[in-house]
DNA sequence: GCGCGCCTATGACTTTTGTCACAGAGAACG
DNA sequence: CGTTCTCTGTGACAAAAGTCATAGGCGCGC
C-alpha cells in the first residue's frame, strides 16, 4: 500500500496543475486519490452525469468527446499521461459537459471534488495553475471551432496529417514517414466528419501525389508542397 | 474622480468574478481600473495580440469572434454589462485567442494583468470564481462545437430563434413575438455560416408556416410545432 | 486454412452549403 | 427629391458533405 501511494505521488507530481507542491502536499492527495483501471473503449464518465471529481492520467490515453443523437462523435481532446481531465466541472458544480472514454488500457487516478477544492483554497497557486491548464483547453476548443467553421474536411485532414508528420520529422528530411493513429472512423470523429470522407480525402491526397499510403503507414514525400496545400484553401 | 471611482466600484461589484469582495478590495481594483470608451464596431483587442489585462463590461456589449482569411467571422460569445472578458489569456500568459469588438457604444473597465493576479493570490476565492466563469465559457464553446459538428444551418437558426422567443415568452402565450438582433450578416456569423443561408432559411421557415416575418419583427405562431422541428433533425 | 468480424475503398446519389450576380427595399443625407 | 449606402431576397450554379450499398482486404481464432 505504502508503495502504491508513493507511485501515485510520483504520478501526481508530473501533472501540470500539481507541479510545485511539496511532498507532504502530494501525499495529502496521494492518500485520497483512488486508482481506477479501464479497458480499451471503456467509459470513464458520461456527458450529463454529475461530476464527482477529476481524473489524472497515469497510463494510457483518454478521449473526451461529444456524441450526437445520430450516432456521430466529435472528439474534443485526447489526453495522455500527466494530463488532468474534467477539472472544469469540479469548479462550476455542473455536470460533465462531454463524455470520457479510455482509448487503450488506461490507469487513472480519481481525485474527489472536495479534496481538490480544499487544496485550491489552501494553495492559491494551484488554482492559478488550473487556470493555465484550462486556458490551454479553451484555446484548443476555439481552434476546433475555427476549423469546423472555416475549413473543409480536406483541409482539416491535411492539417492533422501535417501535425503528425512534424512530430516525427527527423530534421529537414525529405520524406517524413509516420503512421495513422486509430481507424478512419476515429480520425473522422476527431475531424468532425464521417468515415467515408476521411477515406476519400486520403485517396485524393494520394492521387495528387502529396501523400503515399501503405496500410496505416503514411509518407509525405514533400513537406513543403504539403504545407503549401494548407495556405491558400 | 472620487465619484467615478465609486462608479467603477459599483460596476465591479456586479461582476461574477468579483462578487463577495469587500469594499476595500473593490477599491483596490477600482483605483487601478482604467475606463475605456468604444464606438460601435470598434476593436477592443485583436486575435494574436499580447494580452495586457482583462475587461469588465460596464455598458454596451462586446462581441468575441474569430475571423478567417476569406473574410468570414465566427462569433464565440457576446457579453453584456456585468461580464468579464479575456480572463483566460491573463492567466496562461498567451495572446488573445480571438478578437473583441464593441457591438454598440460601450464602456469597459480595463484591469491590468498584474493587479488581477495579485488579487487572486491574496484572495483564493477569486481564482475559484474565475474558474467557475471560465467553466461556463468552456461549456458554451463545447456547445458551439456540438452544433457546428452535428447540425445543419437550418437547425442552428431554428434553435437560435427559439432561444430568443423563450426569453420573450409571456407565459404560455400562443404566438411569441420578438425581433431579430442585428443584420442577417451578424446572425450568420453567430451561426457559423453566410448571409444568404440565413436569408434562405428564414424564408423557408416562413414558407412552412413555422415563422412569420415583418421586417425584423418575427412571430412564432406555434411554439410547440417549432420546437418539434428541432427534435428529429 | 477457413470463416468471421472489423475495417477500408469506392461508386452513385442526395442534401447541404457556399458563391456570384443582381434586383429591389429602405434609411440617411445633402 | 434624388443619390448613395447598406441590407435583403433570390435565382443559378458549383462545391463540399453526407448517405447508402457493396466489394474486398486483413487479421484472428478455432
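Protein chains in written order, with the numbering used here: chain A, 11 to 243; chain B, 11 to 243. For glycine and all other residues, C-beta sits at the position ideal for the given N, C-alpha and C.
Cβ contact (3+ pairs, closer than 8 Å) linking the segment 142 to 150 of chain B and the segment 104 to 112 of chain B: no
Per DSSP, cross-strand counterpart(s) of residue 187 of chain A: A:229
Rounded Cβ spacing between residue 58 of chain A and residue 105 of chain A (contact assumed at less than 8 Å): 5 Å
Which listed residue (A:154, A:117, A:155) has its alpha carbon closest to that of residue 45 of chain A: A:117
Strand pairing of residue 45 of chain B, partner residues [DSSP]: B:119
Supposed close pair residue 74 of chain B, residue 87 of chain B - CB separation, criterion 8 Å: 5 Å
Residue 141 of chain B versus B:97, B:155, B:162, residue with shortest Cα-Cα distance: B:97
6 Å Cβ shell around residue 198 of chain B - same chain, five flanking residues per side excluded: 204, 205, 208
Proximity below 9 Å, CB of residue 137 of chain B to CB of residue 138 of chain A: yes
Uninterrupted alpha helix (DSSP H) stretches inside the segment 107 to 170 of chain A (no shorter than 4 residues): 123 to 132, 134 to 160
Of the residues B:187, B:27, B:202, B:215, the one placed nearest residue 158 of chain A, counting alpha carbons only: B:202
Close beta carbons around residue 91 of chain A, own chain, < 7 Å, minus the five adjacent residues each side: 67, 68, 69
Contact between the segment 163 to 182 of chain B and the segment 118 to 129 of chain A (3+ Cβ pairs under 8 Å): no
Proximal residues to residue 129 of chain B (C-beta, below 8 Å), its chain only, five neighbours per side dropped: 35, 38, 39, 136
Test: residue 160 of chain B CB closer than 9 Å to a CB of chain A: yes
4-residue-minimum alpha helix (DSSP H) runs that sit fully inside the segment 18 to 67 of chain B, ordered along the chain: 33 to 42
Reduced DSSP secondary structure (H/G/I, E/B, other) of residue 224 of chain B: strand
Span of the alpha helix (DSSP H), counted from its first residue to its last, around residue 89 of chain A: First-last for residue 89 of chain A: 83 to 89, but that is the beta strand (DSSP E), not the alpha helix (DSSP H).
Paired residues, beta bridge with residue 75 of chain B - DSSP: B:85, B:109
Cross-chain neighbours of residue 130 of chain A in chain B, by beta carbon under 9 Å: 134, 137, 138, 141
Residue from B:213, B:61, B:84, B:175 whose Cα sits closest to the Cα of residue 231 of chain B: B:175
Residue 80 of chain B at chain A interface by Cβ criterion, 9 Å: yes
Beta-bridge partners of residue 95 of chain A, as assigned by DSSP: A:65
Residues near residue 115 of chain B by beta carbon distance below 8 Å, same chain, minus five either side: 47, 48, 49, 50, 69, 70
Residue 151 of chain A: contacting residues in chain B (beta-carbon distance under 8 Å): 148, 151, 152, 155
Segment limits, alpha helix (DSSP H) that includes residue 208 of chain B: 205 to 217
Inter-residue Cα distance where the pair is residue 210 of chain B and residue 191 of chain B: 17 Å
Proximity test, Cβ basis, 9 Å: residue 60 of chain A and chain B: no
Proximity test, Cβ basis, 9 Å: residue 76 of chain B and chain A: yes
Chain-order list of residues whose beta-carbon lies under 6 Å from that of residue 131 of chain B (same chain, five-residue window excluded): none
Span separating the alpha-carbon of residue 26 of chain B from that of residue 154 of chain A: 27 Å
Test: residue 99 of chain A CB closer than 9 Å to a CB of chain B: yes
Inter-residue Cα distance where the pair is residue 76 of chain B and residue 239 of chain B: 30 Å
Buried versus exposed, by CB contacts within 10 Å (16 or more), residue 245 of chain B: Lying outside 11 to 243, the shown extent of chain B, residue 245 of chain B is not represented and no answer is given.
Listed by chain order, chain A residues near residue 107 of chain B by CB distance under 9 Å: 145, 148, 149, 152, 153
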